[in-house]
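Using the numbering used here, you'd call the opening residue of the sequence shown number 9 and step up by one each time.
Here's the structure we're looking at; comments come further down.
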Amino acid sequence: MTADRPAVDLITLTPRERTVWDAGHLCGYLAGHEAGEKWADDRAAALFRRAVRVVHALAAIPPRDAEADRARAAERDRPWSH
Numbered sequence: 009m010t011a012d013r014p015a016v017d018l019i020t021l022t023p024r025e026r027t028v029w030d031a032g033h034l035c036g037y038l039a040g041h042e043a044g045e046k047w048a049d050d051r052a053a054a055l056f057r058r059a060v061r062v063v064h065a066l067a068a069i070p071p072r073d074a075e076a077d078r079a080r081a082a083e084r085d086r087p088w089s090h
């Protein structure tokens, strides 16, 4: 702890102080949990947006000419063609 804020001794708290401390701790925990969920949701949404861009880009590529691909493969695989 810092010098201007003393450490909390959970053993010596009064019942009222313990109730207040527990409520504050729970509130902080839940806020952190919700922030973590939001971060995970935002991260997943960003990944999905990127995946959509990739799929759209791939969809814009014209189909390949299967016959030309076969001809290139045959030329490449023919012995002494190099």
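For each residue, glycine too, the CB sits at the ideal point set by N, CA and C.
Return the first residue and the last residue of the alpha helix (DSSP H) that residue i is part of.
i, result
"W47", "23-67"
"R80", "74-85"
I want to see whether chain D comes within less than 7 Å of residue i, judged by CB atoms only; does it?
i, result
"R61", "In the structure shown, chain D does not exist; there is a single protein chain."
Between the options, which has its C-alpha nearest residue i's C-alpha?
i, options, result
"G32", "R61, V16, D49, R78", "V16"
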